[in-house]
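Colleague: Right, I'll just put the structure down here and ask away after.
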Amino acid sequence: MKTVQAFVFHAALFFALSVTPLLIFLSEAPAQTDSCVTSRCHSSMGKAAVVHNPVKEGMCAACHLVVQEPAKKTKHPGNLTITLAQKGPDLCSLCHEPKNKKKVVHAPIMGGDCTSCHNPHQSPNKGLLKEPMPKLCFQCHPDGMTRQKVMHPPVASGDCSGCHDNHQSDFPGRLAQPGNALCFTCHPDKEEGLKDKKKTVHPPVRDSCVQCHSPHGSANPAMMNAPVPDLCAMCHPAETDRGKKAVTRHSPVSEGKKCMNCHDPHVADRSKLLLKREMELCLGCHDKELDTKSGKINNMKAFVEANKNGHGPVKKQSCAGCHDPHGSDYWRLLAKYYPPDFYTAYSDGKYALCFTCHSKAAFTEMITTRATGFRDGEKNLHFLHVNKSIKGRSCRSCHEVHADSGLAHHVQDAVGFSYWSMPMNYTPNKNGGSCAPGCHGEKRYSR
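In terms of the numbering used here, the sequence shown is residues 223 to 669.
Here's what the structure looks like:
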């Protein structure tokens with residue numbers, strides 16, 4: 223009786239004065255009550271891989287109150303009643319800082335249920351967790367995120383706390399850091415791209431990585447939220463639609479890496495996130511003859527290298543000045559209509575591509591003194607050649623549209639007609655010039 227009274231007195235004194243718990247020994251009690259841990263009672267307590275410190279030190283009274291109730295029969299020796307010193311999280315907060323002070327608090331903590339995740343005595347798991355992560359997390363959260371084809375390494379290794387704070391955070395999803403800052407802890411190269419003001423940065427890299435990537439896992443490469451180009455279509459529908467639906471489709475848009483054949487999805491040194499300078503990128507594929515449904519395409523790299531006098535867009539190293547790199551409803555991926563034929567009846571719309579840079583008046587005014595230099599007196603010779611209802615010559619009948627060896631006005635050395643190549647014999651002079659192609663004898667003109 224004396225021993226029990228001493229036990230109760232010391233326990234009450236500890237909780238009344240909020241002093242550090244003391245190890246309580248029941249030295250005068252019978253042998254079986256010397257400790258809470260005996261061969262008959264709580265025999266496995268304190269033997270797990272991870273043991274709560276009060277348990278490890280034998281300080282049961284740090285968390286439990288012991289009350290003797292002689293009239294009440296209990297399972298403990300001496301009819302002791304064992305209760306908790308405080309209820310719920312108030313007990314844990316005697317030693318641990320409160321975990322519910324930040325903006326986003328884990329639901330079990332909000333409900334005051336620390337023991338839904340932690341064993342208060344011991345556990346085989348780090349942090350006294352009842353189950354190892356992520357098995358513990360999946361008691362409440364769906365485990366489908368771990369069964370994706372491509373897994374985020376922290377998720378694959380079961381390290382949920384690598385990105386999330388298990389208790390509370392000031393950031394959505396209880397993230398350890400806000401937004402992209404969290405991603406950059408493992409992907410610093412992407413953050414470096416943001417710091418270089420010379421680079422072109424894809425807006426999601428600056429705003430939110432999860433616009434494009436699933437942070438847990440995905441069925442797509444690089445944990446993308448959708449396959450390319452469907453992912454790109456969420457922000458760039460016009461470009462991806464052209465790649466899928468255009469009459470003339472550019473193969474890099476739909477083959478191999480697709481959009482990423484030409485664009486870096488994060489940062490690049492060039493505009494439009496191009497992997498290389500525009501013409502260099504294009505000539506990386508157009509460095510050989512290509513057979514297409516609409517005919518053979520020359521080795522443009524060799525052609526441009528051999529002919530240094532580039533047409534305006536080519537001189538500016540811009541293939542996109544005339545061609546749509548994603549897809550087009552016109553021949554040869556042209557951005558606007560341009561006749562593919564040698565002969566064609568004239569209409570303004572047929573030369574929409576040329577008229578983006580050149581004046582339409584050069585082809586519509588029969589008599590002029592200003593619209594063009596290709597005239598005999600005031601007779602407009604462009605009008606004479608092109609503006610016909612039958613057998614109007616297209617621009618490319620006489621002019622080289624990419625580059626040439628140096629003739630004035632990009633006039634070709636020869637006119638291609640059917641299977642023939644007829645020399646132009648074009649000779650310019652200060653006030654005009656002359657030409658004598660196979661289609662007619664020598665003609666002279668003077669302004």
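Idealized CB from N, CA, C, for every residue including glycine.
Small disclaimer: the values here were computed from a predicted structure and weren't measured.
Would cysteine 207 and cysteine 454 be called neighbours here (beta carbons separated by less than 8 Å)?
Modeller: Because the chain here runs from 223 to 669, residue 207 falls outside it and cannot be looked at.
Colleague: Please list the terminal residues of the continuous beta strand (DSSP E) segment that includes arginine 666.
Modeller: Within the sequence shown, residue 666 is the residue found at index 444, counting from 1. 665-668 is the span of the beta strand (DSSP E), which, as asked, contains arginine 666.
Colleague: Given a cut-off of 8 Å on the beta-carbon distance, is the pair serine 550 and alanine 557 in contact?
Modeller: For this step, residue 550 is matched to residue 328 along the sequence shown. For this step, residue 557 is matched to residue 335 along the sequence shown. Yes, the pair counts as a contact, with Cβ atoms nearer than the cut-off.
Colleague: In this structure, how does DSSP classify phenylalanine 503 when only helix, strand and coil are distinguished?
Modeller: Start at 1 with the first residue of the sequence shown, and residue 503 comes out as number 281. The amino acid at residue 503 is misidentified as phenylalanine; the sequence shows leucine. Reduced to three states, the DSSP call for leucine 503 is helix.
Colleague: Helix, strand or coil for proline 267, going by three-state DSSP, please let me know.
Modeller: Locating residue 267 in the sequence shown gives position 45, where the first residue counts as 1. For clarity, residue 267 is methionine in the given sequence; the question names proline instead. If DSSP states are grouped into helix, strand and coil, methionine 267 belongs with coil.
Colleague: Can you give me the C-alpha to C-alpha distance between glutamine 344 and asparagine 275, rounded to a whole angstrom?
Modeller: Here residue 344 corresponds to residue number 122 of the sequence shown, with the count starting at 1. Here residue 275 corresponds to residue number 53 of the sequence shown, with the count starting at 1. Straight-line Cα distance between these residues: approximately 9 Å.
Colleague: What residue range does the alpha helix (DSSP H) around leucine 495 cover?
Modeller: Stepping through the sequence shown from its first residue, residue 495 is reached at position 273. Note, leucine 495: premise wrong, no alpha helix (DSSP H); not H, not E.
Colleague: Residue range of the beta strand (DSSP E) that threonine 303 falls in?
Modeller: What you label residue 303 is simply residue 81 of the sequence shown in a count that begins at 1. Looking at the DSSP string, the run of the beta strand (DSSP E) that includes threonine 303 is 302-306.
Colleague: By a C-beta neighbour count over all protein chains shown, 10 Å radius and 16 as the cutoff for buried, is cysteine 258 buried or exposed?
Modeller: Looking up residue 258 in the sequence shown gives position 36. So cysteine 258 counts as buried.
Colleague: As a quick exercise: from Ser391, Ala441, Val272, Thr578, pick the residue whose alpha carbon is nearest that of lysine 325.
Modeller: On the sequence shown, position 103 is the one that residue 325 refers to. The residue with the shortest Cα to Cα distance from lysine 325 is Ser391.
Colleague: Please confirm whether aspartate 680 and lysine 498 have their CB atoms less than 8 Å apart.
Modeller: Coverage of the chain is limited to positions 223 through 669, which leaves residue 680 absent and any answer about it impossible.
Colleague: Comparing C-alpha positions only, which one of Arg428, Pro562, Gln399 sits nearest to glutamate 413?
Modeller: By one-based count along the sequence shown, residue 413 stands at place 191. Cα-wise, what sits closest to glutamate 413 is Arg428.
Colleague: For aspartate 739, which residues of its own chain have a beta-carbon under 7 Å away from its beta-carbon, when the five flanking residues on both sides are left out?
Modeller: Here the chain comprises residues numbered 223 to 669, so residue 739 is not present and cannot be evaluated.
Colleague: With DSSP collapsed to three states, give me the class of histidine 298.
Modeller: Working through the sequence shown from its first residue, we reach residue 298 at position 76. In the structure shown, histidine 298 sits in coil (DSSP, three-state: anything other than H, G, I, E or B).
Colleague: Identify every residue that forms a DSSP beta bridge with proline 650.
Modeller: Position 428 of the sequence shown, counting from 1, holds the residue named residue 650. BP columns for proline 650 point to Gly655.
Colleague: Is histidine 662 helix, strand or coil by DSSP?
Modeller: Counting from one through the sequence shown, the residue named residue 662 turns up at place 440. Coil, per DSSP.
Colleague: Any chance the segment 579-589 sits against the segment 633-652, with 3 or more Cβ pairs inside 8 Å?
Modeller: They do not touch, by the three-pair rule.
Colleague: For asparagine 531, write down the residues that DSSP places opposite it in a beta bridge.
Modeller: Sequence index remark: in the sequence shown, residue 531 carries index 309 (1-based). According to DSSP, which records beta bridges pairwise, asparagine 531 is partnered with Asp626.
Colleague: By DSSP, does lysine 518 sit in helix, in strand, or in coil?
Modeller: Reading the sequence shown from its first residue, position 296 is the one you call residue 518. In this structure, lysine 518 counts as strand in the three-state DSSP scheme.
Colleague: Looking at the structure shown, is methionine 281 part of a helix, part of a strand, or coil, going by DSSP?
Modeller: As a working note, residue 281 is residue 59 in the sequence shown. Looking at methionine 281 - three-state DSSP - the assignment turns out to be coil, as it is neither helix nor strand.
Colleague: Quick one, are the C-beta atoms of proline 451 and asparagine 442 less than 8 Å apart?
Modeller: Translated into the one-based positions of the sequence shown, residue 451 becomes position 229. Translated into the one-based positions of the sequence shown, residue 442 becomes position 220. No.
Colleague: Any contact between the segment 288-304 and the segment 370-382? By contact I mean 3 or more CB pairs, one from each, below 8 Å.
Modeller: Touching, no.
Colleague: Taking the alpha carbon of histidine 621 as the point to measure from, which residue in Pro659, Gly614, Lys613, His631 has its own alpha carbon closest?
Modeller: Walking along the sequence shown from the start, residue 621 turns up at place 399. Measuring from the Cα of histidine 621, the nearest candidate turns out to be His631.
Colleague: So what does DSSP say about histidine 389, is it helix, strand or coil?
Modeller: On the sequence shown, residue 389 is found 167 positions in, with the first residue counted as 1. It is coil, neither helix nor strand.
Colleague: Sorted by chain position, which residues of the same chain lie with C-beta nearer than 7 Å to histidine 435's C-beta, five sequence neighbours on each side aside?
Modeller: Locating residue 435 in the sequence shown gives position 213, counting from the first residue. Within the same chain, histidine 435 has close Cβ partners Ala444, Met445, Met446, Asn447.
Colleague: By Cβ distance below 6 Å, which residues in the same chain neighbour proline 354 in space, the five residues on each side in sequence not counted?
Modeller: The residue you call residue 354 lines up with position 132 of the sequence shown. Counting only Cβ-Cβ distances below 6 Å, and skipping sequence neighbours, we find Asn347.
Colleague: Could you pull out every residue in the same chain whose Cβ sits closer than 8 Å to the Cβ of glutamate 600, ignoring the five residues on either side in sequence?
Modeller: One-based indexing of the sequence shown puts residue 600 at position 378. If we look at glutamate 600 and ignore the five residues flanking it on each side, its Cβ neighbours are Ile589, Thr590, Thr591.
Colleague: Is lysine 613 buried or exposed, if buried means 16 or more other CB atoms sit within 10 Å of its CB?
Modeller: As a first step, residue 613 is located in the sequence shown; it is residue number 391 there, counting from the start. Classification for lysine 613: exposed.
Colleague: Within the same chain, show all residues whose beta-carbon is closer than 7 Å to that of histidine 604, passing over the 5 residues directly before and after it, in chain order.
Modeller: In the sequence shown, counting from the first residue as 1, residue 604 sits at position 382. Within the same chain, histidine 604 has close Cβ partners Ala584, Phe585, Thr594, Phe596.
Colleague: Less than 8 Å separating the beta-carbons of leucine 306 and cysteine 282?
Modeller: Translated into the one-based positions of the sequence shown, residue 306 becomes position 84. Translated into the one-based positions of the sequence shown, residue 282 becomes position 60. Not closer than 8 Å, so no.
Colleague: Should tyrosine 568 go down as buried or exposed, given a rule of 16 or more other Cβ atoms within 10 Å for buried?
Modeller: Position 346 of the sequence shown, counted from the start, is the residue given in the question as residue 568. Buried: at least 16 other Cβ atoms inside 10 Å.
Colleague: Taking all protein chains shown into account, do 16 or more other C-beta atoms lie within 10 angstroms of the C-beta of aspartate 626, making it buried, or fewer, making it exposed?
Modeller: By one-based count along the sequence shown, residue 626 stands at place 404. Aspartate 626 is buried by the Cβ-count criterion.
Colleague: To the nearest angstrom, how far is it from the Cα of aspartate 635 to the Cα of histidine 624?
Modeller: What you label residue 635 is simply residue 413 of the sequence shown in a count that begins at 1. What you label residue 624 is simply residue 402 of the sequence shown in a count that begins at 1. Going from the Cα of aspartate 635 to the Cα of histidine 624 covers about 13 Å.
Colleague: Cutting at 6 Å between CB atoms, please list the residues of its own chain near histidine 328, excluding the five before and the five after it.
Modeller: Here residue 328 refers to the residue found at position 106 of the sequence shown. Cβ within range, chain order: His389.
Colleague: Exposed or buried, which one is serine 473 when buried takes at least 16 other CB atoms within 10 Å?
Modeller: As a first step, residue 473 must be located in the sequence shown, where it is residue number 251. The residue is exposed, with fewer than 16 neighbouring Cβ atoms inside 10 Å.
Colleague: Using beta-carbon positions only, say whether valine 637 and cysteine 661 come within less than 8 Å of one another.
Modeller: As a position in the sequence shown, residue 637 is number 415, starting the count at 1. As a position in the sequence shown, residue 661 is number 439, starting the count at 1. It is a contact, given that the beta carbons lie within the stated cut-off.
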